[in-house]
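*Asks:* Adding 132 to a residue's 1-based position in the sequence shown gives its number in my numbering. The structure that follows is given in the form of structure tokens.
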Amino acid sequence: MLPKMFSRYLINFDLSKIKKIYTDFLIVGSGIAGLYTSLKLYDKGEVILLTKGNLKESSTEHAQGGIAVALGDKDSPRLHMEDTLKAGANFCDPEAVEVLVTEGPKCVEELIELGTEFDKIEGKYKTTLEAAHQKPRILHARGDATGAEIERSLSEKVINENKIKIRENILVTDILAEHTTCYGLLALDNNTNEIIAYLAKSTILASGGAGQLFSNTTNPDVTTGDGIAMAYRGGVKVTDLEFFQFHPTALYHQESPKFLISEAVRGEGAILKNIKGEPFMHSYHPLAELAPRDIVARAITEQMKKNKSDYVCLDATKIKDKFSQRFPTIHKNCIALGINPEKKYIPVAPAAHYTMGGIKTDTWGQTNLTNLYACGECTSTGVHGANRLASNSLLEGLVFGNRIAQKIKENITYSSINKLEELKLSYNAHQKKYKEYNTMELKKELQKLMWNKVGITRNSSDLKKALQKINQWKFIFKSELKTTENFELANLIILADLITNSALQREESRGAHYREDFPDRDDINWKKHIVY
Ligand code: SIN
């Protein structure tokens, strides 16, 4: 079964009648990938950086564990590559992984020059261990606030650069392309409530993932996969969407959203126990708590089912002397809910965490449309395979953002602003009003459906049921969408459709994609990518 086609544009428009803004480089997203790419490009022209919320609203801001990089004496890019390939379940693109691990150290050094302050001890950078890494190679900042520190340093630089124009509260809706060339994007400006065409010589999507597809997620509200869904509708190839990473340990608490309990807590020695207080990870994998993420998430799910509990326990009491110093953010959040991790077990359960598939790019961040690039979580560069190695994502944002800037600088003479001024595009297919629906209720239903039927363990019957439901909800594409919430829901429905179809097609289990009805990896028939 293939996904039913969606309309090319989500809105009716006529380019000759709407406001147009011209620029050299149009970047969407203000996480590590978008900010870093802006800083690598502004010396060659004006950058407009669009972000859906405010500058700091991104998944990067919430990243705890850190950034994986082979900088230590006893480590090497080769070892980092081995770990990445192994965690990726024989599904990574080795060329892309080699780029990641060999160019990563230089990019991280530059991040430090740009002002990011990683934690140090006696003048040397502190590193920690995370799951499936042979070496402690995770740099971190302010204990468990690595992402927030990176956002602070990069956004300070971006704000202070005159040639980078930040535009907040702008939701991109559609790719403006003719034949196979991208000329920019349509966007809803929520400051003025108007539709604007941003026309650019080069467009870069760094618009993040889609954790909001699931009712349990560690991701912030903004992660609705807008860039991936928009790209797909605009004729850009997307791939590997069935591989969605579930983090094993999000805080389980009725009164709290799913707050991440970093894998670094297990890296520092915390133990998983079922609700009877029994450790269980040794019976699932020799690396126990530090087994690859997909294995730990499934083991926890099995223990929860077996013991009819909604959570398992993370025993971090052995690291009590340093918990509050090493993990101040987690400590503060737990204490606010009445859990002192130095004395009590932390209740945890898996939650959707990372979109491993996405916009298909080559190792220079190029998509199949000329002048359209993508980097960060919205992409599928091939570095994560079927299961992302912990803390490789921040590194990916840097390395491929840097490569995009290099490639654009090489290509710069070939793009022309004149063509942008001549561009004539319009679309008029949506009815003004089709059928009333409650956006927020529909979104919640979709999230529940995805969690229950397209989550950590999947099977053909559940996936087919999910597709039936998703198809019923496609009526929303008949009418013109108005608000950010409408567009986000539309994008989530598109991604739900693509992910569920891919998950149904892939009749094997590999990395984060686990089919109860096809529990084994099938390298003979399925070492291939599903591309839409
Ligand atoms: C964590 O801190 O456990 C998250 C790190 C990551 O997702 O790479």
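Even for Gly, the Cβ is constructed at its ideal location relative to N, Cα and C. What you are looking at is a predicted structure, and each value in this text was computed from that prediction instead of being measured.
Based on the DSSP output, what are the partners of Tyr646 in its beta bridges?
*Replies:* Answer by DSSP bridge pairing: none, since Tyr646 is not bridged.
*Asks:* Please report how far the alpha carbon of Lys252 lies from the alpha carbon of Ala483, in whole angstroms.
*Replies:* About 31 Å.
*Asks:* Can you grab the Cα-Cα spacing for the pair Glu648 / Gly161, in whole Å?
*Replies:* Cα to Cα, Glu648 sits roughly 36 Å from Gly161.
*Asks:* Could you check if Thr312 is buried or exposed, using at least 16 other CB atoms within 10 Å of its CB as the buried criterion?
*Replies:* Label assigned to Thr312: exposed.
*Asks:* Alpha carbon to alpha carbon, how far is Lys585 from Leu595?
*Replies:* Roughly 6 Å between the two C-alpha positions.
*Asks:* What separation, rounded to the nearest whole angstrom, lies between the Cα atoms of Met133 and Gln637?
*Replies:* Only weak support exists for where Met133 lies, its pLDDT of 48 falling under 50; the value from the coordinates is given anyway. Near 8 Å, if we compare the C-alpha coordinates of Gln637 and Met133.
*Asks:* Which residues are close to the ligand SIN, meaning CB closer than 5 Å to any heavy atom, in chain order?
*Replies:* Working through the chain, the matches are Gln196, Gly197, Ser394, Glu395, Ala522 and Ser523.
*Asks:* Hey, how far is the Cα of Lys556 from the Cα of Asn144?
*Replies:* Going by the C-alpha atoms only, they are around 14 Å apart.
*Asks:* For Cys507, list the residues DSSP reports as bridge partners.
*Replies:* BP columns for Cys507 are empty, so no partner.
*Asks:* How would you label Lys151, buried or exposed, when you count the other beta carbons within 10 angstroms and need 16 or more for buried?
*Replies:* Exposed.
*Asks:* Arg535 and Thr495 - do their beta-carbons sit closer together than 8 Å?
*Replies:* Contact: yes.
*Asks:* I need the boundaries of the beta strand (DSSP E) containing Glu310, first residue and last residue.
*Replies:* Looking at the DSSP string, the run of the beta strand (DSSP E) that includes Glu310 is Ile302 to Glu310.
*Asks:* Can you tell me whether DSSP reads Tyr174 as helix, strand or coil?
*Replies:* The answer is helix: DSSP assigns Tyr174 an H, G or I state.
*Asks:* Val370 and Gly490 - do their beta-carbons sit closer together than 8 Å?
*Replies:* Against a cut-off of 8 Å, the Cβ pair of Val370 and Gly490 comes out as a contact.
*Asks:* Whole angstroms are fine: how far does the CA of Arg274 sit from the CA of Glu254?
*Replies:* So the two alpha carbons sit approximately 16 Å from each other.
*Asks:* Fully enclosed by the region 455-518, which beta strand (DSSP E) runs are 3 residues long or longer?
*Replies:* Here the runs fully enclosed are 478-487, 490-492 and 504-506.
*Asks:* Going straight from the alpha carbon of Arg642 to that of Ile662, what length do you get?
*Replies:* Cα-Cα distance, rounded: 13 Å.
*Asks:* Restricting to Cα atoms, I'd like to know which of Ala402, Ala309 and Lys206 is closest to Thr499.
*Replies:* For the residues Ala402, Ala309 and Lys206, the minimum Cα distance to Thr499 belongs to Ala309.
*Asks:* CB Ala319 to CB Asn519, shorter than 8 Å?
*Replies:* For Ala319 and Asn519, no; Cβs fall outside 8 Å.
*Asks:* Secondary structure at Thr216, three-state DSSP: helix, strand or coil?
*Replies:* Residue state, collapsed to three classes: helix.
*Asks:* In this structure, does DSSP put Lys256 in helix, strand or coil?
*Replies:* Lys256 falls in the strand class under three-state DSSP.
*Asks:* Assign Phe607 to one of two classes, buried (16 or more other C-beta atoms within 10 Å of its C-beta) or exposed (fewer than that).
*Replies:* Its Cβ having fewer than 16 others within 10 Å, Phe607 is exposed.
*Asks:* Our contact map puts Leu521 next to Ala195 with C-beta atoms below 8 Å; I'd like the distance itself, whole angstroms only.
*Replies:* About 14 Å separates the two Cβ atoms, so there is no contact after all.
*Asks:* Report the three-state DSSP secondary structure of Met133 (helix, strand or coil).
*Replies:* Residue placement at Met133 cannot be trusted, given a pLDDT of 48 that sits under 50; the coordinates are not used to answer.
*Asks:* I want to see whether chain E comes within less than 8 Å of Thr349, judged by CB atoms only; does it?
*Replies:* No chain E appears in this structure, which consists of one protein chain only.
*Asks:* Write down the C-beta distance between Phe378 and His485 rounded to the nearest angstrom, noting that I regard them as a contact closer than 8 Å.
*Replies:* About 6 Å separates the two Cβ atoms, so the contact holds.
*Asks:* Cα separation between Asn294 and Tyr174?
*Replies:* C-alpha separation (whole angstroms): 9 Å.
*Asks:* What residue from Arg140, Asp156, Ser139 and Ala221 has the CA that sits closest to Asn543's CA?
*Replies:* If we check each option's Cα against that of Asn543, Asp156 comes out closest.
*Asks:* Can you tell me whether DSSP reads Ile180 as helix, strand or coil?
*Replies:* Ile180: strand per DSSP, three-state reduction.
*Asks:* Taking buried to mean at least 16 other C-beta atoms within 10 Å of its own C-beta, is Thr169 buried or exposed?
*Replies:* Result: buried.
*Asks:* Can you tell me the Cα-Cα spacing of Leu504 and Val304, whole angstroms?
*Replies:* Approximately 14 Å, taken between the alpha carbons.
*Asks:* Output needed for Tyr646: all residues of its chain with C-beta closer than 8 Å, excluding positions within five of it in sequence on either side, in chain order.
*Replies:* For Tyr646, where only same-chain residues beyond five positions count, the Cβ hits under 8 Å are Asp426, Arg430, Ile588, Thr589 and Arg590.
*Asks:* How close, in whole Å, do the beta carbons of Val384 and Val480 come, if the pair is a contact with beta carbons under 8 Å?
*Replies:* Looking at the sequence provided, one finds Tyr at residue 384 rather than Val. Indeed they touch by this definition, with Cβ atoms about 6 Å apart.
*Asks:* Return the residue from the list Phe346, Ser558 and Val354 that minimises the CA-CA distance to Asn301.
*Replies:* Comparing Cα-Cα distances from Asn301 to each of Phe346, Ser558 and Val354, the minimum goes to Val354.
*Asks:* Would Ser523 be called buried (16 or more neighbouring beta carbons within 10 Å of its own) or exposed?
*Replies:* With 16 or more Cβ atoms within 10 Å of its Cβ, Ser523 is classed as buried.
*Asks:* Measure the beta-carbon distance from Thr668 to Ile298 and round it to whole angstroms, keeping in mind my assumption that it falls under 8 Å.
*Replies:* The chain is shown from 133 up to 664; residue 668 falls before or after that span and cannot be answered.
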